[in-house]
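So that you can map any letter, position 46 of the sequence shown is 48 in the working numbering, and since no number is skipped, the others follow by simple counting.
Beta carbons are placed, not taken as given, at the ideal position from N, Cα and C, and that holds for glycine.
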Amino acid sequence: IWCTSHLAFFVFALTDPDNSVPSAAAPALIGTTVMTLVNVFGPITGCGMNPARDIGPRIITAATGWGATAWHSVIPYTVGPLIGGVLGGALYNAFAKKKKSTASV
3 IWCTSHLAFF VFALTDPDNS VPSAAAPALI GTTVMTLVNV FGPITGCGMN
53 PARDIGPRII TAATGWGATA WHSVIPYTVG PLIGGVLGGA LYNAFAKKKK
103 STASV
């Protein structure tokens, strides 16, 4: 959850047109963010921050006869990143997004 929430927060921050990050720098900064998150969370979780990377092998493993063993840790590695992505986006919108002024001059 935490790894994906950090990633989503930084992607929102780096791609928001209201921020001062140049659009040409965003890909390199997102890559640096991913590299940092892999180095921090990789030893702990195997860097399971992408549920699409996890669900495909689980489906194939279950289909090839491993049964319930394939679904043993589906919550932290498939559902967790989905929750983390929503959490990161919500935290960015709630606390870091620049509010547009509605007052007229």
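- Contact annotation: Tyr-94 and Ala-10 have beta-carbon atoms nearer than 9 Å.
- Secondary structure at Pro-24: coil, using DSSP grouped into helix, strand and coil.
- Annotation for Trp-4: the continuous alpha helix (DSSP H) segment containing it runs 4-17.
- Judged by DSSP in its simplified three-state form, Asn-41 adopts helix.
- Distances from the alpha-carbon of Arg-55 to those of Asp-20, Pro-83, Val-13 and Leu-16 put Pro-83 closest.
- From the listed residues Gly-44, Leu-89, Gly-50 and Thr-71, the smallest Cα separation to Pro-78 is found for Gly-50.
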